[in-house]
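Chains W and R, in that order, give the protein sequences.
Throughout, my numbering is defined as the position within the first sequence, counted from one, plus 807.
Throughout, my numbering is defined as the position within the second sequence, counted from one, plus 110.
Ideal Cβ placement from N, Cα and C applies to all residues, glycine included.
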Amino acid sequence: DTAVSQTPKYLVTQMGNDKSIKCEQNLGHDTMYWYKQDSKKFLKIMFSYNNKELIINETVPNRFSPKSPDKAHLNLHINSLELGDSAVYFCASTSRGRETQYFGPGTRLLVL
Amino acid sequence: AQSVTQPDIHITVSEGASLELRCNYSYGATPYLFWYVQSPGQGLQLLLKYFSGDTLVQGIKGFEAEFKRSQSSFNLRKPSVHWSDAAEYFCAVAAGGSGNTGKLIFGQGTTLQVKP
């Protein structure tokens, strides 16, 4: 009965590789988000999709590309990974009023 | 621009003691305010939120927070801390009303350590 799930939980990879992180929510929400938490635990929004439409696109390198195949899924693809991409990436979702976000468990990405 | 400041990076309290975590926000209109908790290696869990109405809000795990518009603050309190409360606490703000995209602006976080 997991509400917001992310796969994988841990991801260790080499610089220059391309990787994807998947997020799924079974709450019936129509808006989903990606946040990045850096090594100092600072959380910053990256993207948001509403009904498969991009509504928030912060200043993020274009190596990061979100994709939303349907309302319940929001994936994050990262090209040409760099050391600075090492972080914890959180997915979140919210309903129509966008008042309360529910977060996934996070994906811990380590780029070597 | 919206911003959130949590002045205390690290706080240590004894088990059973009271707790107050400070949060100050900067936002021109009506904000939505949140407190989230993150246990080590875990995701974020919502403790409580304020949208409107009564400025003292109750949350889970015995936490409460008070919205003070005049001070642009939303401080989190608990009368008696338990060892299991040791975690990272984040205050966040979002645009309220029709301007709400759901974009959360987080503070830097406060690490709570609980002494036995």
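Straight-line gap, residue i to residue j (C-alpha atoms, nearest Å)
i	j	result
W/W841	R/K225	35 angstroms
R/G234	W/E860	The displayed coordinates of chain R run from 111 to 226. Any statement about residue 234 of chain R would go beyond what the structure contains.
W/T914	R/L154	13 angstroms
W/K826	W/S875	16 angstroms
W/R870	W/V918	14 angstroms
R/G138	R/V203	12 angstroms
W/L881	W/N858	10 angstroms
R/G200	R/T211	Per the sequence shown, residue 200 of chain R should be read as Phe rather than Gly. If I take the Cα positions, the gap works out to 19 angstroms.
R/S149	R/I170	15 angstroms
W/T814	R/K159	28 angstroms
R/G163	W/S872	39 angstroms
Residues that residue i contacts on chain R, provided the C-beta gap is smaller than 8 angstroms
i	result
W/I828	Within chain R, no residue comes near W/I828; the closest Cβ sits about 14 angstroms away, beyond 8 angstroms.
W/F854	Correct list: empty, because the minimum Cβ distance to chain R is about 10 angstroms.
W/F897	G153, L154
Residue-chain proximity (residue i, chain W), Cβ-Cβ < 8 angstroms
i	result
R/T211	yes
R/K159	yes
R/F184	no
Buried or exposed by the 16-neighbour rule on C-beta atoms within 10 Å, applied to residue i
i	result
R/K178	exposed
W/M839	buried
Residue from the options with nearest C-alpha to residue i
i	options	result
R/S190	R/P117, R/V123, R/A127	R/A127
W/D892	W/Q832, W/Q844, W/S855	W/Q844
W/K878	W/A899, W/N824, W/T907	W/A899
R/T140	R/F161, R/F184, R/H120, R/Q116	R/F161
W/S902	W/N833, W/A894, W/K829, W/G823	W/N833
W/L850	R/L222, R/G217, R/A205	R/G217
Residue-level contact to chain R via CB, residue i, 8 angstroms cutoff
i	result
W/P912	yes
W/Q908	yes
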